[in-house]
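Protein chains in written order, with full-length UniProt numbering: chain W, 1 to 273; chain F, 1 to 273.
There are 2 protein chains.
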Amino acid sequence: MELIIYEMLYIIGLGLGDERDITLKGLDAVKKCEKVYIEAYTSLLSFGLSTDGLSTLEKLYGKPIILADREMVEEKVDNILLEARGSDVAFLVVGDPFGATTHTDLVVRAKTMMVDVKVVHNASVMNAIGICGLQLYRYGETVSIPFFTETWRPDSFYEKIERNRNLGLHTLCLLDIRVKEPTLESLCRGRKQYEPPRFMTINTAIDQLLEVEQKHGKSAYDEDTNCVGFARLGSEDQMIVAGTMRQLCTVILGNLTLPCHSRQDSSGGRRKC
Amino acid sequence: MELIIYEMLYIIGLGLGDERDITLKGLDAVKKCEKVYIEAYTSLLSFGLSTDGLSTLEKLYGKPIILADREMVEEKVDNILLEARGSDVAFLVVGDPFGATTHTDLVVRAKTMMVDVKVVHNASVMNAIGICGLQLYRYGETVSIPFFTETWRPDSFYEKIERNRNLGLHTLCLLDIRVKEPTLESLCRGRKQYEPPRFMTINTAIDQLLEVEQKHGKSAYDEDTNCVGFARLGSEDQMIVAGTMRQLCTVILGNLTLPCHSRQDSSGGRRKC
């Protein structure tokens, strides 16, 4: 009879700032793991996922890190789980593993393959936004603002924001990031080619929000609605700015052209913080 | 002219589990601080705020920790801030500093007194509940379930749960804890005497929820409504149980009599996770 030693898959939140936002518990786990993957699909580290950024982490952890891009997470996750059946494996995630983007699929799949999972929590955008002073328990449903294209301008967020505001609740608006998206051309030809990474600025988000307001005309919000804009939340150089939609466009725009911003969220609420 | 050196107040989230859930950044800050306070008013550490629990922390930090109870946080916070004008001071908070209970007042007060503040984020109940599989962005407004007394049975949470459920959203129900509450007698006599600490069990919460449903009769939920119960979320011995309200009462009750539970939350949703 074959003896299978079931080891552990550690899913570890890295928090929001830099390499020192990992918890002691998370670092303990990484140090005992034979293989360490870092998830680079749903968000980018503000300290960069360039070779430089990774080597900072590798130096801290004392071992190499494998970049798990969208393709690997979606298509080859079973390989990672198979490895976790024979040795301890760490899967690092920016923020909390179950924050804005959950890794529930990974956990369910692990259970199916009888791989034990341990989660090390950390801060995520979903709770760190509390820093602006608006109470977390006064938020309604969270919405995502996707990049509009010429032919695809989905606006289901509008109704949700309207509803939240009618109830006196804030809305967390998560702004789109596009990382390692296959180009339309490559999809047609079946060859892998990727668009350059893009992060939605608060400026773009507000433009889109106002366009949708104009289309629906239900006065869910307007240029004078107070919002709070977040950029690089949790990093040393984070920016949190409160003002009307009109003001936010002017104030933040310039700074968001910095090369390393990773998260931009606009938390609209009735009250200014 | 008097020279005032403005030092820093660090507000540091400890996360949800034990002493090793602090981040490296948080520990760096604690180590450079001259004074270290720990906030013991809004929640208790699952690793205990007994002398034993504190000494575990003190050993890790290499310095003494001052317990900031409700009285100190509410009445003597200016003294802490004055100290932070002349030296680095750490204020430790279970979870994230701006999680379920925010420390916004402290930050505003610090700004007024021209004390610089740095926040070190960590996991809080508000994002760690994502571990049960229900998506965080599908939650509506959060509610609190307070301990009912003979004369005080507030039920404003009912309408909010009803609304969330009508919208197909989950509801995070935060269950009451009572720590260092002055007794009624002591309030009358002006002498400080405190009630023993109490934590609401999921059982009690469900009893109260069903009582309120019976009173209002609007079928917001019933005994067959699926819920997820959390106890000691983020700790080594955390419990997460899904089932109907009726089932949750039976399953979890026994375990919640353990001495060190610190957090119990019941996350009601339309779907079972």
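Every residue, glycine too, gets a C-beta built ideally from N, C-alpha and C.
From a predicted model like this one, the values you see are computed outputs, not experimental measurements.
- Under the 8 Å Cβ criterion, the region 63-79 of chain F does not count as touching the region 15-24 of chain F, having fewer than three qualifying pairs.
- The three-state secondary structure of residue 237(W), taken from DSSP, is coil.
- For residue 229(W), there are no neighbours in chain F by C-beta distance under 8 Å, as the nearest C-beta there is about 17 Å away.
- DSSP places residue 118(F) within a strand segment (E or B) once states are collapsed to three.
- Beta-carbon to beta-carbon, residue 175(F) and residue 205(F) are separated by about 5 Å, close enough to satisfy the 8 Å threshold.
- At a cut-off of 7 Å between beta carbons, residue 133(F) contacts chain W.
- For residue 26(W), there is no enclosing beta strand (DSSP E); the enclosing alpha helix (DSSP H) has its first and last residue at 24-32.
- Each of 116(W), 99(W) and 55(W) was checked against the Cα of residue 84(W), and the nearest Cα belongs to 116(W).
- The C-beta of residue 168(W) has fewer than 16 other C-beta atoms within 10 Å across all chains shown, which makes the residue exposed.
- Nearest CB-CB separation between residue 20(W) and chain F: below the 7 Å threshold.
- As DSSP reads the structure, residue 11(W) sits in a beta bridge with 91(W) and 119(W).
- If you ignore the 5 residues before and after residue 96(W), its C-beta comes within less than 6 Å of the C-beta of 13, 121, 122 and 124, all in its own chain and listed in chain order.
- Beta-carbon to beta-carbon, residue 134(W) and residue 228(W) are separated by about 7 Å, close enough to satisfy the 8 Å threshold.
- Setting aside the 5 residues that flank it on each side, residue 224(F) is surrounded in the same chain by 244, each with a C-beta closer than 6 Å to its C-beta; the list follows chain order.
- In this structure, residue 188(F) lies away from residue 145(F), with their beta-carbon atoms at least 7 Å apart.
- In the assembly as shown, residue 126(F) is a buried residue. Its beta-carbon has 16 or more other beta-carbons within 10 Å.
- DSSP, read as helix, strand or coil, puts residue 250(F) in helix.
- A Cβ of chain F is located within less than 7 Å of the beta carbon of residue 121(W).
- A residue is called buried once 16 or more other Cβ atoms fall within 10 Å of its Cβ, and residue 216(W), having fewer, is exposed.
- Boundaries of the alpha helix (DSSP H) around residue 104(F): 104-112.
- 7 Å or more divides the Cβ of residue 130(W) from the Cβ of residue 164(W).
- Residue 61(F) is outside the set of residues whose beta carbon lies under 7 Å from a beta carbon in chain W.
- Exposed is the label assigned to residue 86(F), since fewer than 16 other Cβ atoms lie within 10 Å of its Cβ.
- Here residue 181(W) carries a coil assignment [DSSP, helix/strand/coil].
- Here residue 151(W) is exposed, its C-beta having fewer than 16 other C-beta atoms within 10 Å.
- Residue 65(W) is positioned such that its CB atom lies no closer than 7 Å to that of residue 82(W).
- Interface annotation for the region 87-100 of chain F against chain W: 95, 96, 97, 98, 99 and 100, criterion Cβ-Cβ distance under 9 Å.
- Secondary structure at residue 229(W): strand, using DSSP grouped into helix, strand and coil.
- About 5 Å separates the beta carbon of residue 128(F) from that of residue 233(F), a gap short enough to meet the 8 Å contact definition.
- For residue 205(F), the enclosing alpha helix (DSSP H) starts and ends at 202-216.
- Following the DSSP letters along the chain, one finds residue 68(F) inside the beta strand (DSSP E) bounded by residues 66-68.
- Interface annotation for the region 201-232 of chain F against chain W: empty, criterion Cβ-Cβ distance under 7 Å.
- Counting along the chain, the unbroken alpha helix (DSSP H) around residue 160(W) starts and ends at 156-166.
- For residue 72(F), no chain W residue has a Cβ inside 7 Å of its Cβ, as the nearest lies near 22 Å away.
- Around the beta-carbon of residue 88(W), 16 or more other beta-carbon atoms lie within 10 Å, marking it buried.
- Taking the beta carbon of residue 128(F) as reference, the chain W residues within 8 Å of it are 96, 98 and 121, listed in sequence order.
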